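Comments concern the structure below.
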Ligand SMILES: Cc1cc2nc3c(=O)[nH]c(=O)nc-3n(C[C@H](O)[C@H](O)[C@H](O)COP(=O)(O)OP(=O)(O)OC[C@H]3O[C@@H](n4cnc5c(N)ncnc54)[C@H](O)[C@@H]3O)c2cc1C
Ligand SMILES: Cc1cc2nc3c(=O)[nH]c(=O)nc-3n(C[C@H](O)[C@H](O)[C@H](O)COP(=O)(O)OP(=O)(O)OC[C@H]3O[C@@H](n4cnc5c(N)ncnc54)[C@H](O)[C@@H]3O)c2cc1C
């Protein structure tokens, strides 16, 4: 049992697809936010499920940790090699294996990105809706139970993964789920692996639900004087049953960031960005009903775009919000929060957070997928400024407490990684121990992404 | 460790809410279909979570099996006391605890039935959509991952349970999930308990998603000359993205059963029964588009009902289909099959099944939730006629093989119980062992509904 022996065996098996180069270790030791540099001992680039299973068996025989890697866009240091080991980079397993148009599903490899998938689907009249902004991999998205702007209509990865192929910590390969739309055949293992952040097994294949490209699409932005009015608009829209495809909130600071980063000309006020999908008549009806709600809440400056290029520009701007916000403070890094509450508490949650950040010495634009009750503050800190990081963490801590106090969750979509581990007990109580029991049953040696998700030991 | 000691302790705790009366044991040893009489040693009627936890601790201390019981309507002998023990009947835990109208969710006890829930919700403008026909309990429905006529639009119990309270096999009480609409905080334990058929713990509270009562509803029945034309209509409707709230298939034999049982006047042909929900304009658009698809496929005798009483009569008739079919052969009992396939294989699956049953000596009307690719044959056998039961089982076996061959599942909604255990390995392969690992981790003494769901030993 030794790490060097494992690396030798892996090298023999993979040739130059096992990398120990500085640039590879650097790349896989970095993260998108404020976590420290934590590189693995090596990076493996498998091309088949069989190779993944072999890698896992070799690492298991030598007690070497295994960390999955999709695109490294996760925000809580999920894929950092806390205890070293081998990072499995899925970038060479990035093919669409089969599009089943009639059944509206697709079989893909885990390293495929959502943008590449949708590019391949364009001619089929179908699309994959889950949309975390970043061009993440589908295996990574399944592993963090990702969602994004369209979850309010199309659901999260929980709702859009039909079946998986998984390599378990002992090298067994299993298939969970089928291509049938529903099943009552036993424990929902698909659901168990979705959101497990690579701590129970490595996903080597996914079967995903697809949706029909809508006949008509219409998008709009409108401004409000007060956050409360924007959020009330969201709540009323939901309660009226208007089926928004997207309904996003950005605060005044984020609007300012857009103006600077994307040369937008938004008033520096809170905004909603919405999109409707449906038949031409349906979209017309929805936009009209929504317009009424906006007007009642004092919204203004309504801009509709039904031209694809305008809509693309709008959502590209939204998807770059993180980088736009980083641009507000050149050289800064960010702590990105992710609270999610029942919709009735959303206005209060956003207002309290806004007020709290207003007292702080650091900027923190707020934006979010408010149709799900989910929003983020992007807390901008100077790298290596311990006082600022402490201040950001204190703000984030109060957001977490607020989420739990309001009956919500500490993370709506980003996941646990390193950043939220300390909140698992508070959110789940004894249920956290049940997660530990499951982890120990499937991964008794703690080989898979060790130090994450469950209680230590 | 003895069963008599456990029963004494439970009797002291529960008084006459621990029953060993013949009528109670009889009731809880029976099932809706063809499985033998398998009574428990006693039936407990707890009133609080605390009592459930105490019962579990007493039974655990004495190694006595525990079987949950909602309304006993499951179709695969799920709640039968294979190894005796104590049946926990949740009928006294049947309250609505809290309606959160703004958040469109509700907190309920497990013994509440879906009809009682919807009665209590009527004035709120909200409803709970999952609809297995039978007036099942919500705890039972969660435990079997039930669905029904509306799953095509509103999803199954998997999609509509937000959070649970569960008493584990060692008496610990946990809460899974929150009232937030989505979360990435750890393993999806809610999803793990949904569909676990009482083998991992007892559900003592559920938080359920609600939906707005639609502004407009319209329902219709129409007849087809051939099964294939009816099923093609379903496939095309789905591919056009017409958002049906219900789309049900019944074959000629079922139509005949309706005529006899519910004094209907349906031609003895295959039929589709559909319902649309939405705004007035939306429903009008959907019905028109659907009408076009029906006409293209040669459907006829279109009857629309937008009056609530006509719609109620229609769906009551559909919900009584099982009893109507039993009426086709007075004195018969039934084996109810439950295959579910990708929609592209549905026509083939129904036709093959129809042809197979046509060769058999027993009747087997076919009907199903075809929008999900899910259908049932109700195989009618004389009680105690071993040859007929063997013939029914052989037909059912071939349906299961067909489902798996076509990339589907052996049970779309009814679950495993006693009837499908022998197919778990075939459907899941090595993943079935993973279910066993989870079971052993949470219930090492195999106290919860023993003999079900996982491999014996
Ligand atoms: C600008 C920006 C915006 C974002 N917006 C959103 C958003 O709106 N919603 C949202 O949900 N997220 C968002 N994110 C976060 C991120 O995109 C998601 O968490 C995404 O799911 C990560 O995918 P990835 O491929 O980058 O995974 P990685 O970061 O590579 O890995 C994530 C986790 O999954 C594991 N993993 C990866 N692949 C596998 C596999 N095949 N098998 C098993 N485990 C695996 C890793 O070990 C790690 O624990 C955003 C990120 C950025 C940078
Ligand atoms: C006429 C008819 C039509 C039907 N149509 C459908 C249909 O369309 N779709 C469908 O899905 N089903 C259908 N069913 C089957 C049945 O209604 C469902 O399986 C339902 O979910 C069972 O609920 P129940 O309350 O009767 O549960 P039970 O039969 O009492 O129990 C079912 C299982 O759940 C366990 N259980 C019950 N309560 C709890 C609890 N609180 N905690 C833990 N475990 C518990 C039991 O031990 C058992 O294993 C139909 C049945 C009939 C008779």
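Protein chains in written order, with my numbering: chain A, 324 to 780; chain B, 324 to 780. Backbone N, C-alpha and C fix where the C-beta goes; we use that ideal spot for every residue, glycine too. These numbers come from a predicted model, not from an experiment.
For residue 532 of chain B, the number of other beta carbons within 10 angstroms of its own is at least 16, and it is reported as buried.
Secondary structure within the segment 528-585 of chain B: the beta strand (DSSP E) runs of 3 or more consecutive residues, fully enclosed, are 539-546 and 567-573 (chain order). Relative to ligand 1, the beta carbon of residue 735 of chain B is positioned no closer than 8 Å to any heavy atom. Counted as a single uninterrupted DSSP element, the stretch harbouring residue 691 of chain A is not any alpha helix (DSSP H) but the beta strand (DSSP E) occupying residues 689-692. Among the residues facing chain B, residue 765 of chain A is included, as its CB has a counterpart in that chain under 9 Å away. Shortest Cα-Cα distance from residue 332 of chain B to any of B:347, B:370, B:382 and B:360 involves B:382. Within the same chain, 696, 729, 730 and 731 come within 8 Å of residue 665 of chain B by CB-CB distance, once the 5 residues on both sides are set aside.
Our two residues, residue 690 of chain A and residue 515 of chain B, have alpha carbons roughly 32 Å apart in a direct line.
Nearest C-alpha to residue 460 of chain B among B:543, B:769, B:351 and B:416: B:416. Rounded to whole angstroms, the gap between the alpha carbons of residue 726 of chain B and residue 335 of chain B is 49 Å.
Think of a sphere of 8 Å around the beta carbon of residue 730 of chain B: the chain A residues whose beta carbon falls inside it are 501, 502 and 503, in chain order. C-alpha of residue 636 of chain B to C-alpha of residue 402 of chain A: approximately 56 Å in a straight line. When DSSP states are grouped into helix, strand and coil, residue 401 of chain A belongs to the coil group. Listed by position along chain A, the residues whose Cβ is nearer than 8 Å to that of residue 426 of chain B are 665, 666 and 667. A contact is defined here as three or more CB-CB pairs under 8 Å, and the segment 663-682 of chain A fails this definition with respect to the segment 418-426 of chain A.
Selection A:652, A:482 and A:549 evaluated against residue 674 of chain A yields A:549 as nearest (Cα-Cα). At least one C-beta of chain A is nearer than 9 Å to the C-beta of residue 537 of chain B. Where residue 390 of chain B is concerned, the enclosing beta strand (DSSP E) starts and stops at 389-392. Close CB contacts of residue 623 of chain B within its chain, under the 7 Å cut and outside five residues either way in sequence, are with 545 and 546 (chain order). The DSSP-derived three-state label of residue 497 of chain A is strand. Residue 628 of chain A has a beta carbon lying at 9 Å or more from every beta carbon in chain B. Looking at B:596, B:712 and B:519, the one whose alpha-carbon comes closest to that of residue 644 of chain B is B:596.
When Cβ-Cβ separations below 9 Å define contact, residue 474 of chain A makes contact with chain B. Sequence-ordered contacts of the segment 603-620 of chain A with chain B read 604, 605 and 608 [C-beta pairs closer than 7 Å]. With a cutoff of 8 Å, residue 775 of chain A counts as near ligand 1, since its C-beta is closer than that to a heavy atom of the ligand.
At a beta-carbon threshold of 9 Å, the residues of chain B lying near residue 761 of chain A are 510, 512, 515, 760, 761, 764 and 765, ordered along the chain.
In terms of beta-carbon proximity, residue 754 of chain B lines the interface with chain A, with at least one pair separated by less than 9 Å. With the criterion set as a beta carbon lying under 9 Å from some beta carbon of chain A, the segment 326-347 of chain B has no members that meet it.
Contacts with chain B at 9 Å (Cβ-Cβ) include residue 726 of chain A. By the neighbour-count criterion, in which 16 or more other beta carbons inside 10 Å mark a residue as buried, residue 394 of chain A falls on the buried side. With a cutoff of 9 Å on beta-carbon distance, residue 405 of chain B and residue 773 of chain B are scored as near each other.
Approximately 20 Å separates the beta-carbon atoms of residue 755 of chain B and residue 768 of chain B; this is outside 8 Å, ruling out the contact.
Here the alpha carbon of residue 757 of chain A sits roughly 27 Å from the alpha carbon of residue 743 of chain B. Taking a beta-carbon distance threshold of 9 Å, residue 746 of chain A counts as an interface residue toward chain B. Residue 432 of chain B has a beta carbon lying at 9 Å or more from every beta carbon in chain A. Minimum Cα-Cα distance from residue 341 of chain A among the listed residues A:687, A:361 and A:409 corresponds to A:409.
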